[in-house]
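Chemist: Throughout the sequence shown, residue numbering follows the UniProt record's numbering, covering 1 to 218 in sequence. Glycine included, each C-beta is placed from N, C-alpha and C at the ideal position. As the structure is a prediction and not an experimental result, all values here were calculated from the model.
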Amino acid sequence: MNNQGKCFIKTKLRHIVYSLILAIFLLIVTGCSLKNNQKNSMEVSISSSSSIRSKENESVSQSSSQTQSEKSSEPSVDMESSMNEENHQKALNTLESLDQPVSDSLKADVTTALIAAQNYVRGVNHPDELKGDQYNHMLMSSPGMIQTYWIVIKFGNYAVDPGAIEVFETKHADVVQFVCKLTSDGKENSYFVGNYNTYAKQLQFGSYHGGQVDATFG
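1. Mind reading off the beta-carbon distance from Tyr158 to Val167? Whole number of angstroms is fine, and I expect it under 8 Å.
2. Kindly list the residues whose CB is nearer than 8 Å to the CB of Phe205, restricted to its own chain and excluding five residues on each side of it in sequence; keep chain order.
3. Taking Asp78 as the reference, give the member of Ser97, Phe178, Asn119 and Lys187 with the closest Cα.
4. Could you give the distance in angstroms between the alpha-carbon of Ser103 and the alpha-carbon of Glu169?
5. Considering only C-alpha positions, which residue in the set Lys107, Asn84, Ser81 and Asp99 is nearest to Phe178?
6. Closest to Gly163 by CA distance: which of Lys171, Val175, Cys180 and Gly156 is it?
7. Do you know offhand how far Leu92's Cα is from Leu98's?
8. Less than 8 Å separating the beta-carbons of Val121 and Lys154?
9. Along the chain, where does the beta strand (DSSP E) that runs through Gln202 open and close?
10. Which same chain residues end up closer than 8 Å to Ile165 when comparing Cβ atoms and leaving out the 5 residues on each side of it in sequence?
11. For Ser190, which beta-bridge partners are listed by DSSP?
12. Going by alpha carbons, who is nearest to Asn197 out of Glu86, Val160, Val175 and Gln134?
13. According to DSSP, is Tyr149 helix, strand or coil?
14. Quick one: residues in its chain with C-beta nearer than 7 Å to the C-beta of Asp161, no 5 flanking neighbours on either side, listed in chain order?
15. Do you know offhand how far Ala116's Cα is from Pro127's?
16. In angstroms with no decimal places, state the Cα-to-Cα distance between residue 272 and Glu86.
17. With distances taken from CA atoms, which of Gln89, Ser82, Lys131 and Lys171 is nearest Gln100?
18. Should Tyr208 go down as buried or exposed, given a rule of 16 or more other Cβ atoms within 10 Å for buried?
19. Have a look at Leu203, Gln212 and Gly211 and flag the residue whose alpha-carbon is nearest the alpha-carbon of Gln134.
20. Near Ser73, what residues of its chain come up, given a Cβ to Cβ distance below 6 Å and the 5 sequence neighbours on each side ignored?
21. DSSP state of Val110, grouped into three classes?
22. Please determine, among Asp185, Met83, Tyr199 and Lys201, the residue with the shortest C-alpha to C-alpha distance to Gly156.
The structure is reproduced here in structure tokens:
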């Protein structure tokens, strides 16, 4: 074989070797790229799963917190409602009879008297100034009960609930008995019980039940 033939073979072998090296290099690069893509894909998948779990945990935590908050407020409301029912029943138990509610017109007279008494005590600033008369409809009430009515309304911020006044007949033709409900925001109800003379149109407070009042006098 002459020198020209040998040179041609060497050149051909060199090209083959270069091609093999290039092919191997491309395979290596492609493999690395695939591994990186798989790794990134796994990281994204793991990150997404972690994010989903985090949101689920956050949702569960918020739901649990809300439920606990609702549960913690329920006993307070239930307790207040229970106290109101108990005090209302105590007030009713002091009455002579619950068999005969009075007429609407007579109930309106009692309501008017209780509102007038309320307006009077709101305008009084000292217990020594309290006095029952025919205009405030407390001429027949004792000074102690007038003062109690004053304290509950003036310092307890209670108000008569006109729609919740209950009035009943008694065995005396000129006397009816009432339960007057007073309310104040965030506090249990107070119930005043007494007689109302239908001829004189005067209130006679007899007792009270429930209510929250903090007051000091000097």
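Modeler: Well, looking at it:
1. Within the sequence shown, numbered from 1, the residue matching residue 158 stands at position 158. Within the sequence shown, numbered from 1, the residue matching residue 167 stands at position 167. The pair is not a contact, with the Cβ atoms about 19 Å apart (cut-off 8 Å).
2. Walking along the sequence shown from the start, residue 205 turns up at place 205. The residues are Met138, Ser141, Ser142, Met145, Ile146, Thr148, Tyr149, Phe192, Val193 and Gly194.
3. For the purposes of this step, residue 78 is identified with residue 78 of the sequence shown, where counting begins at 1. If we check each option's Cα against that of Asp78, Lys187 comes out closest.
4. Within the sequence shown, residue 103 is the residue found at index 103, counting from 1. Within the sequence shown, residue 169 is the residue found at index 169, counting from 1. Each residue's alpha carbon lies about 9 Å from the other.
5. As a working note, residue 178 is residue 178 in the sequence shown. Out of Lys107, Asn84, Ser81 and Asp99, Lys107 has the C-alpha closest to the C-alpha of Phe178.
6. Reading the sequence shown from its first residue, position 163 is the one you call residue 163. That would be Cys180, whose Cα lies nearest to the Cα of Gly163.
7. Sequence index remark: in the sequence shown, residue 92 carries index 92 (1-based). Sequence index remark: in the sequence shown, residue 98 carries index 98 (1-based). Straight-line Cα distance between these residues: approximately 8 Å.
8. Translated into the one-based positions of the sequence shown, residue 121 becomes position 121. Translated into the one-based positions of the sequence shown, residue 154 becomes position 154. Yes, the pair counts as a contact, with Cβ atoms nearer than the cut-off.
9. As a first step, residue 202 must be located in the sequence shown, where it is residue number 202. It spans Gln202 to His209 - the beta strand (DSSP E) in which Gln202 sits, taken as one unbroken run.
10. To locate residue 165, count along the sequence shown from 1; it is residue 165. The residues are Lys107, Val110, Thr111, Leu114, Phe178, Val179, Cys180 and Lys181.
11. Along the sequence shown, one-based indexing puts residue 190 at 190. Bridge partners of Ser190: Leu182.
12. For this step, residue 197 is matched to residue 197 along the sequence shown. For the residues Glu86, Val160, Val175 and Gln134, the minimum Cα distance to Asn197 belongs to Val175.
13. Position 149 of the sequence shown holds residue 149. In this structure, Tyr149 counts as helix in the three-state DSSP scheme.
14. Indexing the sequence shown from 1 puts residue 161 at position 161. Only Lys181, Leu182 and Thr183 meet the Cβ criterion.
15. Within the sequence shown, numbered from 1, the residue matching residue 116 stands at position 116. Within the sequence shown, numbered from 1, the residue matching residue 127 stands at position 127. Straight-line Cα distance between these residues: approximately 18 Å.
16. Since the first and last residues shown for the chain are 1 and 218, residue 272 lies out of range.
17. Here residue 100 is taken as the residue at index 100 of the sequence shown, counted from 1. Out of Gln89, Ser82, Lys131 and Lys171, Lys171 has the C-alpha closest to the C-alpha of Gln100.
18. Sequence index remark: in the sequence shown, residue 208 carries index 208 (1-based). Under this definition Tyr208 is a buried residue.
19. Taking the sequence shown and counting its residues from 1, the one referred to as residue 134 is at position 134. Out of Leu203, Gln212 and Gly211, Leu203 has the C-alpha closest to the C-alpha of Gln134.
20. If you number the sequence shown from 1, residue 73 lands on position 73. Here Ser73 scores only 49 on pLDDT, less than 50, and its place in the model should not be relied on; the value that follows carries that caveat. Within the same chain, Ser73 has no close Cβ partners at all.
21. Counting from one through the sequence shown, the residue named residue 110 turns up at place 110. Correct three-state label for Val110: helix.
22. For this step, residue 156 is matched to residue 156 along the sequence shown. The shortest C-alpha separation from Gly156 is found at Asp185.
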